[in-house]
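The sequence shown lines up with residues 325 to 656 when you count with my numbering.
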Amino acid sequence: MFDNKSILITGGTGSFGKRFIQHILDNYSPKRLIVYSRDELKQFEMQQSFNQPMMRYFIGDVRDKDRLVTAMKNVDLVVHAAALKQVPAAEYNPNECIKTNINGAQNVIDAAISNGVKRVIALSTDKAANPVNLYGATKLVSDKLFVAANNIAGADGPIFAVVRYGNVVGSRGSVVPFYRDLIKQGATKLPVTHEAMTRFWITLDDGVDFVIKNFSRMQGGEIYVPKIPSIRILDLVEAMQGHREHEIIGIRPGEKLHEVMVPEELAHHCVEFDDHYVITPAIKFSGVHVNYAHNALNEKGKQVTEAFEYHSGTNPQFLTVEQLVELDKVTV
Numbered sequence: 325m326f327d328n329k330s331i332l333i334t335g336g337t338g339s340f341g342k343r344f345i346q347h348i349l350d351n352y353s354p355k356r357l358i359v360y361s362r363d364e365l366k367q368f369e370m371q372q373s374f375n376q377p378m379m380r381y382f383i384g385d386v387r388d389k390d391r392l393v394t395a396m397k398n399v400d401l402v403v404h405a406a407a408l409k410q411v412p413a414a415e416y417n418p419n420e421c422i423k424t425n426i427n428g429a430q431n432v433i434d435a436a437i438s439n440g441v442k443r444v445i446a447l448s449t450d451k452a453a454n455p456v457n458l459y460g461a462t463k464l465v466s467d468k469l470f471v472a473a474n475n476i477a478g479a480d481g482p483i484f485a486v487v488r489y490g491n492v493v494g495s496r497g498s499v500v501p502f503y504r505d506l507i508k509q510g511a512t513k514l515p516v517t518h519e520a521m522t523r524f525w526i527t528l529d530d531g532v533d534f535v536i537k538n539f540s541r542m543q544g545g546e547i548y549v550p551k552i553p554s555i556r557i558l559d560l561v562e563a564m565q566g567h568r569e570h571e572i573i574g575i576r577p578g579e580k581l582h583e584v585m586v587p588e589e590l591a592h593h594c595v596e597f598d599d600h601y602v603i604t605p606a607i608k609f610s611g612v613h614v615n616y617a618h619n620a621l622n623e624k625g626k627q628v629t630e631a632f633e634y635h636s637g638t639n640p641q642f643l644t645v646e647q648l649v650e651l652d653k654v655t656v
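This is the structure:
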């Protein structure tokens, strides 16, 4: 799938982008690997580690369609990882979030269609399911745009899919590095927004592997959701500092107590496989019939029950404090 291909990743200097690039270099022989992002310093720093002959670095913003069109010339595969992701920042700066997460998504779609890109996967978030914050709402719109893009592209155009997952352990701006910094500074109590809070939990490597595998699975229009564990916030506190003492600071603007990746309202569109779920498109694609219960890797799924919901608080799999301790050791 990736050998001798030209691959572009938007937001490529982020946590996901760097790990994705490393995985591709370690396991495949691509023709070109293109990092597209707006931060010249991060690109300079990334070039110190990733300077192989096939590497290309494009300064550009996903808000700039013309620049995206130029960057995607002769590109085969695209991962769209660029986004404004901080929930409180989005609440206070809604228009900026809309420009990047919605308008930027449409620009990626238009550029991919203009250049005849073969496959595009957009990264999403659990916050896009039944969103209560602006970030989640913009990512829901983005998801809808990428699903509908399969109709716009037509039978000969690119195929588009979405990958949705939960909190990425240790990613930039997430709670784990935040807690680590506080502990290093001598904090004896970690801040907690609410004692009952739960979250879906995935490692960066597992997230990258899931995206890469879905390039082979995808038929167009799917939202892929991995089966991953949940955590309880107080278990994380205990795992990281050795006890459960904490300080309640209150729920931040736009924050949920629990997250959902497959809402009950979409159960009739959800197919379960051994290690993931697929939310199938609600719209029909002109002239195309896809059996989403039997994918391109010959994996077979089954329809979930009508009352199904994939919810971080009712997830059958929770990480224990001991498992979180071990996970923290390997994600430092």
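Every residue gets a Cβ at the ideal spot worked out from N, C-alpha and C, and that includes glycine. All of these numbers come straight from a predicted model, not from anything done at the bench.
Contact between the stretch 630-637 and the stretch 590-601 is present, with at least three C-beta pairs closer than 8 Å.
Taking a cut-off of 8 Å on C-beta distances, the stretch 409-427 does not touch the stretch 545-557, as fewer than three cross pairs fall below it. Here methionine 325 is exposed, its C-beta having fewer than 16 other C-beta atoms within 10 Å. At a cut-off of 3 residues, the continuous stretches assigned as beta strand (DSSP E) that sit fully inside the stretch 357-407 are 379-383 and 401-404.
In this structure, phenylalanine 642 lies near isoleucine 555, with their beta-carbon atoms less than 8 Å apart. With respect to the 8 Å criterion, valine 586 and alanine 453 are classified as neighbours on the basis of their beta carbons.
Take the alpha-carbon of phenylalanine 539 and the one of glycine 338: they are about 20 Å apart. In the DSSP assignment, the residues bridged to valine 549 are Tyr601.
Counting every other CB atom within 10 Å of its CB across the protein chains shown gives isoleucine 572 a total below 16, marking it as exposed. Within the model, the alpha-carbon separation for valine 399 versus glycine 566 is close to 48 Å. Membership of histidine 570 in the beta strand (DSSP E) is indicated by the continuous run 570-572. When Ala407, His618, Val441 and Asp434 are compared, the shortest CA-CA separation from lysine 329 is found for Val441. For arginine 576, there is no enclosing alpha helix (DSSP H), as DSSP marks it with neither H nor E.
A straight-line Cα-Cα distance of about 13 Å links aspartate 390 and isoleucine 437. The beta-bridge partner set that DSSP reports for histidine 635 consists of Val584. A distance below 8 Å separates the beta carbons of alanine 446 and valine 486. Check the Cα spacing between valine 500 and each of Asn351, Thr334 and Leu648: the tightest is with Leu648. Each of Met378, Pro515, Glu623 and Gly544 was checked against the Cα of serine 610, and the nearest Cα belongs to Gly544.
DSSP, reduced to helix, strand and coil, places isoleucine 433 within a helical segment of the structure shown. Per DSSP, isoleucine 483 is one residue of the beta strand (DSSP E) stretching across 483-489. Positions of the beta strand (DSSP E) runs, each at least 3 residues long and wholly inside the stretch 520-550, are given as 522-526 and 547-550 in order along the chain. As the crow flies, the alpha-carbon of aspartate 559 is around 17 Å from that of glutamate 583. Taking aspartate 385 as the centre and dropping the five residues before and after it, the same chain places the C-beta of Arg362 closer than 6 Å to its C-beta, in chain order. The C-beta separation of isoleucine 433 from phenylalanine 484 comes to about 7 Å, placing the pair in contact by the 8 Å criterion. The DSSP-derived three-state label of serine 498 is coil. A contact between stretches requires three or more CB pairs, one per stretch, nearer than 8 Å, and the stretch 509-526 fails this requirement with the stretch 463-471.
The three-state reading of DSSP puts isoleucine 607 in coil, since its state is none of H, G, I, E or B. For the pair leucine 528 and valine 535, the Cα-to-Cα distance works out to about 11 Å. For serine 636, the number of other beta carbons within 10 angstroms of its own is at least 16, and it is reported as buried. Contact between proline 482 and arginine 443 holds: their C-beta atoms lie close to 6 Å from each other, under 8 Å.
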